[in-house]
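K.L.:
Before I ask anything, let me first share the structure, which is written out below as structure tokens.
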Amino acid sequence: MKKQTISVLGIGYVGLCTAVGFASRGYNVIASTHDAEKAAKINKGIPPFHEPNLQKLLEETVQNGLLNCLINQTETAVLETDLTFNAVGTPSKPDGSIDLQFIETSTYEIGKALNKKNTYHVVIVKSTVVPGTTQNIVKPILEKESKKLCGSGFGLCMNPEFLRQGSAFEDTMHTDRIVIGEYDKKSGDALESLYQDFYGKNIPPTIRTTLSTAELIKYASNSLLATKISFINTMANLCEKIPGADVKIVATAMGLDKRIGPLFLNAGLGYGGSCFPKDVKALIAHSKNLGYRLELLEAVESINKTQPLKAVQFCKELLGNLKGKRVAILGLAFKADTDDMREARAIPIINQLLEEGANVTAYDPVAVPIAKTIFENKIQYASSATACLKNADCCLLVTEWDEFKKLKPEDFTKSMKQPVLIDGRRIYDPEEFSRKMKFTAIGLGH
Ligand code: UGA
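Last residue of the sequence shown: number 445 in numbering that gives the first Met the number 0, and the count goes up by one each step with no gaps.
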């Protein structure tokens, strides 16, 4: 059977991994974006962001001619393919509610293209959108612009993704589950048969449901993961008040209970990134509009807001007044294996340190170029962890990169002015480190 052809709109993490994923399995993929610079990189086989394991396959698929990225050519992308995944961004508005402008404009373009098409085409919303968006916003725009009826003239699905940055490609290829929200059975069948062809016998459990349920599954999943993080951070803060208590051991023991599970119970400085903060806020705002206050998620969010500032509080407890003190920051990205600094916990931490008059030097294996666009010359940037620690009064570990896990107490004591370390991500052994230096960590009873 001839493989279906696929178009992808938007080439952020979701769009690009979807495009490369299909192309790597032999599908012809056309991507389209408004960003000429990103398109040029992709067509040279260079990912526009740091993401492990993506480069090689991107290079191969571009060289084999299976993936081509166009600039602003939604029409060609739709006309020349069988299915379109819409993966454009859905940022937040200043009040936290979802900003659907990119979904709306791209849907308008898809609709116009469908008007010129004589064959059945399936449109799949892959972006994270609040419940009701596909039915009440996407469908009417498509019908109006294409002058066709959804269901008979074209198919419509909502298919959320669950990939994590840092393992985005792996997650795309081996997802735990596929969720297909379908306007009608024909649309759902078309998308499921694409995934059956893609995964073969190893197709993950597939849930077929309504468009709105699919949309909510994505928010519910991210909200629960964010809740787990704020929960364990609350336990960490409690542990600090109980002599001898250690949140890491609490989490390990809790995680052995199959009903709880071990993942997303790492206490730290809170969650960042382009998803959890935005999605939790968007669901709170959406629910409020529906007349229901999500008090649980409001608490999750407010805990996450104060958690990073605990790092600064620790600094003050250990050093006293921070004016003129040299603070070394290890890690700027919102988590390891990415250069993304959206909502990174390093941002409020560094801003607060600067406000307190500290001199900040920071190091991150890949995020320094992005950090420079945020902090400019307000802080110094080091080219290695050792250089960052030089003459520092205090070190604050913010991101759990593997290279930081390898550091020994001596690596700190030999170059710092004062051997003071705050482990904001619980990557160091408290016993070993507190024997050799002034050491404190999130969730450790004093
Ligand atoms: C998250 C979800 O994990 C994905 O399933 C989802 O598809 C994605 O959002 C999305 O909506 O697109 P991501 O933001 O890439 O993925 O990163 P995570 O690994 O979930 O980490 C998010 C934040 O939580 C990071 O700042 C991380 O440091 C923090 N975190 C994570 C903790 O503080 N503790 C933990 O135990 C786990």
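We treat Cβ as the ideally placed atom computed from N, Cα and C, and that holds for glycine.
1. Compare the Cα-Cα distances from P347 to each of D338, Y362, F333 and report the closest residue.
2. Given a threshold of 16 other Cβ atoms within 10 Å of its Cβ, counted over all protein chains shown, does Y218 qualify as buried or as exposed?
3. According to DSSP, Y12 sits in a beta bridge with which residue or residues?
4. In chain order, which continuous runs of the beta strand (DSSP E) of length 3 or greater are located wholly inside the stretch 295 to 333?
5. Alpha carbons only, please: which of K435, V87, T106 is nearest the one belonging to V122?
6. Whole angstroms is fine: what's the gap from S91's alpha carbon to P429's?
7. Just the Cα atoms here: how many angstroms apart are K146 and V77?
8. Quick test of the definition: if touching needs 3 or more C-beta pairs under 8 Å, does the stretch 147 to 160 touch the stretch 44 to 64?
9. So for R163, helix, strand or coil by DSSP?
10. What's the C-alpha gap between L264 and L255?
11. State the Cα-Cα distance for the pair T174 and D34, rounded to the nearest angstrom.
12. Straight-line CA distance for C274 to L308?
13. Mind checking who G154 pairs with in its DSSP beta bridge?
14. Have a look at P276, L66, S192, T89 and flag the residue whose alpha-carbon is nearest the alpha-carbon of L223.
15. On the three-pair Cβ rule with 8 Å, is the stretch 21 to 39 touching the stretch 51 to 62?
16. Write down the C-beta distance between L446 and A30 rounded to the nearest angstrom, noting that I regard them as a contact closer than 8 Å.
17. Note down the Cα distance separating C387 from G187, rounded to an integer number of angstroms.
18. Could you compute how far the alpha carbon of K257 sits from the alpha carbon of T251?
19. Could you check whether D170 and N221 sit closer than 7 Å to each other, using their CB atoms as the reference points?
20. At 4 residues or longer, what runs of the alpha helix (DSSP H) sit wholly inside the stretch 378 to 413?
21. Report yes if the C-beta of R163 is less than 6 Å from at least one heavy atom of the ligand SAM; otherwise report no.
22. What number of angstroms, rounded off, separates the C-alpha of I179 from the C-alpha of C156?
23. Going straight from the alpha carbon of L113 to that of E355, what length do you get?
24. So, with DSSP's three-state summary, where would you put G180?
25. Are there any heavy atoms of the ligand UGA lying less than 6 Å away from the beta-carbon of I349, as far as the coordinates show?
26. Give the straight-line distance between the Cα atoms of R207 and D81, rounded to the nearest whole angstrom.
27. Around the C-beta of R325, are 16 or more other C-beta atoms found within 10 angstroms, so that it is buried, or is it exposed?
28. Sort G199, I441, S433, C16 by Cα distance to N232 and report the nearest one.
29. Can you name the start and end residues of the alpha helix (DSSP H) that C68 belongs to?
30. Report the partner residues of S31 according to the DSSP bridge assignment.
31. Helix, strand or coil for F275, going by three-state DSSP, please let me know.
32. Classify K280 as buried or exposed, calling it buried when 16 or more other Cβ atoms lie within 10 Å of its own Cβ.
33. Tell me the DSSP secondary structure of F263 in three-state form.
34. Only counting the same chain, and skipping five residues up and downstream in sequence, which positions put a Cβ closer than 6 Å to that of E108?
35. Determine the DSSP secondary structure at Y194, reduced to helix, strand or coil.
36. Closer than 6 Å: is that where the CB of G423 sits relative to any heavy atom of the ligand UGA?
P.N.:
Taking the definition as stated:
1. Relative to the Cα of P347, the nearest Cα in the group D338, Y362, F333 belongs to F333.
2. Classification for Y218: buried.
3. Y12 has no beta-bridge partner at all, per DSSP.
4. 325 to 329
5. T106
6. 39 Å
7. Going from the Cα of K146 to the Cα of V77 covers about 16 Å.
8. no
9. coil
10. 11 Å
11. 28 Å
12. 21 Å
13. Checking the DSSP bridge columns, you'll see G154 partnered with V121.
14. P276
15. yes
16. The question about residue 446 has no answer, for the chain in this structure spans 0 to 445.
17. 53 Å
18. Going by the C-alpha atoms only, they are around 12 Å apart.
19. no
20. Within the stretch 378 to 413, the complete alpha helix (DSSP H) runs of at least 4 residues are 384 to 388, 401 to 404, 408 to 412.
21. Looking for the ligand SAM in the displayed structure turns up nothing; the ligands present are the ligand UGA.
22. 7 Å
23. Whole-angstrom Cα-Cα distance: 57 Å.
24. Looking at G180 - three-state DSSP - the assignment turns out to be strand.
25. no
26. Each residue's Cα considered, the two are about 21 Å apart.
27. Buried.
28. Comparing Cα positions, the closest option is I441.
29. Taken as a continuous stretch (DSSP letters only), C68 belongs to no alpha helix (DSSP H), being part of the beta strand (DSSP E) at 66 to 70.
30. L8, L69
31. helix
32. buried
33. coil
34. T73
35. helix
36. no
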